[in-house]
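Student:
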Amino acid sequence: LAPESATDVLALLAEDPDNTRVMAGGTALVTMMRQRLLSPERLLSLHRLPAFRHVEVSEGVLRIGALVPQRVVEGDALVRQNFPVLAETLAQASNIRIRNVATLGGAIIHADPNQDSLTTLLALDASVTLRSRGGQRTVPLATFFVDYYETGIEPGELLTEILLPLPAERFTATFRKFLPGAKDDYGVVNV
Numbered sequence: 167l168a169p170e171s172a173t174d175v176l177a178l179l180a181e182d183p184d185n186t187r188v189m190a191g192g193t194a195l196v197t198m199m200r201q202r203l204l205s206p207e208r209l210l211s212l213h214r215l216p217a218f219r220h221v222e223v224s225e226g227v228l229r230i231g232a233l234v235p236q237r238v239v240e241g242d243a244l245v246r247q248n249f250p251v252l253a254e255t256l257a258q259a260s261n262i263r264i265r266n267v268a269t270l271g272g273a274i275i276h277a278d279p280n281q282d283s284l285t286t287l288l289a290l291d292a293s294v295t296l297r298s299r300g301g302q303r304t305v306p307l308a309t310f311f312v313d314y315y316e317t318g319i320e321p322g323e324l325l326t327e328i329l330l331p332l333p334a335e336r337f338t339a340t341f342r343k344f345l346p347g348a349k350d351d352y353g354v355v356n357v
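At position 121 of the sequence shown the residue is numbered 287 (the working numbering), and the sequence of numbers has no breaks.
#1: Tell me whether Asp174 sits in a helix, a strand or coil according to DSSP, three-state version.
#2: I need the boundaries of the alpha helix (DSSP H) containing Val251, first residue and last residue.
#3: With a threshold of 16 other CB atoms inside 10 Å of the CB of Ile262, please say whether the residue is buried or exposed.
#4: Quick check: the segment 217 to 227 against the segment 250 to 258, are there 3 or more CB pairs under 8 Å?
#5: Grouping DSSP H, G and I as helix and E and B as strand, with all else coil, what is Gly231?
#6: Is it buried or exposed for Gly347, if we count other Cβ within 10 angstroms and need 16 for buried?
#7: Please report the straight-line C-alpha distance between Leu288 and Glu335, rounded to a whole angstrom.
#8: Once DSSP output is grouped into helix, strand and coil, what is the label at Phe311?
#9: With a cut-off of 8 Å on the beta carbons, I'd call Asn266 and Leu332 a contact; round off their distance for me.
#10: At the level of alpha carbons, what is the spacing between Ser298 and Val354?
#11: To the nearest angstrom, report how far apart Thr326 and Thr295 are at their CA atoms.
#12: Compute the Euclidean distance between the alpha carbons of Ala359 and Leu203, then round it to the nearest angstrom.
#13: Report buried or exposed for Pro216, applying the criterion of at least 16 other Cβ atoms within 10 angstroms of its Cβ.
#14: What number of angstroms, rounded off, separates the C-alpha of Ala257 from the C-alpha of Met199?
#15: Between which two residues does the alpha helix (DSSP H) carrying Thr236 extend?
#16: Give me, in chain order, the residues of the same chain whose beta-carbon lies closer than 6 Å to that of Gly272; leave out the 5 immediate sequence neighbours on both sides.
#17: Identify, in the order they occur along the chain, each residue of the same chain with its Cβ nearer than 8 Å to the Cβ of Asp182, setting aside the five sequence neighbours on each side.
#18: Tell me where the beta strand (DSSP E) around Ser205 begins and ends.
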């Protein structure tokens, strides 16, 4: 299904949250389906929703829409100005073809410990905004991640935004990963 509004997505999610999966870029979800780790009865494509494709600063927070591709986040002027370490991290993640499709929200929602961006987002005290028909809540990533590939998202909720509090003072950070092989492999250790 390809709903055209957030209201429609939330209504479809509420109908059958246990058998419905949301797909943004699809890089993680499709891989999990190919490996038969997931077999949803319904897929909701979010490609028609422009509402969650923003990068902006408001009220002392950098807000990144969950549907923004990682490559766009990597090159965004607000990200580079306020959190250059996030751009640096994403530049080392996978390859450009995947970063052009994979979304930051998708990386978070699958809680794959191999995702480079999660290390940096945790270090930056990021939070996520989750919406459902019943309302909206904000959860720090440090508590949102429950275990490997497991989050605290509730049935019927949709991750809509990643929030990074702007630092009170100038800070410097860098991202490093130890690679076992090729540059676009998963890191064995991320710091």
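Virtual Cβ for every residue (Gly too), placed ideally from N, Cα, C.
Tutor: Let me lay it out:
#1: Counted from its first residue, the sequence shown places residue 174 at position 8. Looking at Asp174 - three-state DSSP - the assignment turns out to be helix.
#2: Translated into positions along the sequence shown, residue 251 becomes position 85. That run of the alpha helix (DSSP H) goes 250 to 258.
#3: Translated into positions along the sequence shown, residue 262 becomes position 96. Exposed, by the Cβ-count rule.
#4: no
#5: Stepping through the sequence shown from its first residue, residue 231 is reached at position 65. In this structure, Gly231 counts as strand in the three-state DSSP scheme.
#6: Working through the sequence shown from its first residue, we reach residue 347 at position 181. Exposed.
#7: Mapped onto the sequence shown, residue 288 falls at position 122. Mapped onto the sequence shown, residue 335 falls at position 169. Distance between the alpha carbons of Leu288 and Glu335: 19 Å.
#8: Numbered from its first residue, the sequence shown carries residue 311 at position 145. Correct three-state label for Phe311: strand.
#9: Taking the sequence shown and counting its residues from 1, the one referred to as residue 266 is at position 100. Taking the sequence shown and counting its residues from 1, the one referred to as residue 332 is at position 166. About 27 Å; that fails the 8 Å criterion.
#10: Walking along the sequence shown from the start, residue 298 turns up at place 132. Walking along the sequence shown from the start, residue 354 turns up at place 188. Their Cα atoms are separated by approximately 36 Å.
#11: Walking along the sequence shown from the start, residue 326 turns up at place 160. Walking along the sequence shown from the start, residue 295 turns up at place 129. If I take the Cα positions, the gap works out to 6 Å.
#12: The chain is shown only over 167 to 357; residue 359 falls outside these bounds and no answer can be derived.
#13: Taking the sequence shown and counting its residues from 1, one reaches residue 216 at position 50. Per the 10 Å Cβ criterion, exposed.
#14: In the sequence shown, the residue the question calls residue 257 occupies position 91. In the sequence shown, the residue the question calls residue 199 occupies position 33. Cα to Cα, Ala257 sits roughly 26 Å from Met199.
#15: Counting from 1 along the sequence shown, the entry for residue 236 is found at position 70. The amino acid occupying residue 236 in the given sequence is Gln; Thr does not appear at that position. From DSSP, the alpha helix (DSSP H) with Gln236 extends over 236 to 241.
#16: Position 106 of the sequence shown, counted from the start, is the residue given in the question as residue 272. Contacts found: Ala190, Gly191, Ala194.
#17: Counted from its first residue, the sequence shown places residue 182 at position 16. So the list reads Glu207, Arg208, once near-sequence residues are dropped.
#18: As a working note, residue 205 is residue 39 in the sequence shown. Where Ser205 is concerned, there is no enclosing beta strand (DSSP E), given that its DSSP letter is neither H nor E.
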